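Numbering (UniProt numbering), first residue to last: 1 to 197.
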């Protein structure tokens, strides 16, 4: 049986973690991004479908390619972030199921069933994006997830000719708590959001 994480770890992952809008001028290494993915990939998905695909953008050229598709409120902070991840979803994820779910013919569940493909891809790709945020926080990095961008434009620029579609963006780095950190917004109470039946 697993043991409960320390209070400090719970604070780092959830209670004290924030969405950052400003970034310290500190590099995020390729090794850190590899370590982040190596953690995030172990989060559960339906039939181990693992539809998430990531582009980690660090170069000025990549950020400039992304810039025209960002909403005005997201442009400056994204250009300043050490890394911006495009969290995307492969809608042909089922082609990998013989590798990822070898004990059943899971691929056949999806072939020619576009509604099932789309809902499974979106649900599990989004779930994996949340694992990326938790993994980044676990490694001492801060995140700024965003949905203010032209997804069709990003798809055309980064995923043309593929079955991969952008879902959301995450700025990753070391957050600057002295700038543009808004007060934490309220959350719903247990009684407002939950029922035990």
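Positions of the beta carbon are idealized from the N, C-alpha and C atoms, including for glycine. In this text the structure is predicted, and so the values were computed from the model without any measurement.
- The beta carbon of residue 175 sits closer than 6 Å to those of 20 and 142, all from its chain and outside the five residues before and after it, given in chain order.
- Cβ-Cβ distances below 6 Å link residue 135 to 36, 39 and 40 in the same chain, with the five nearest sequence neighbours on each side left out; the list follows chain order.
- The alpha carbon of residue 159 has as its nearest neighbour, out of 42, 55, 197 and 2, the alpha carbon of 55.
- A buried status is given to residue 91, since no fewer than 16 other beta-carbon atoms sit within 10 Å of its beta-carbon.
- For residue 84, there is no enclosing alpha helix (DSSP H); the residue is part of the beta strand (DSSP E) that begins and ends at 83 to 90.
- In the displayed model, residue 56 falls within a strand according to three-state DSSP.
- Nearest in C-alpha terms to residue 128, of all of 140, 154, 85 and 25, is 85.
- Taking 8 Å as the cut-off, the Cβ atoms of residue 96 and residue 79 do not count as close.
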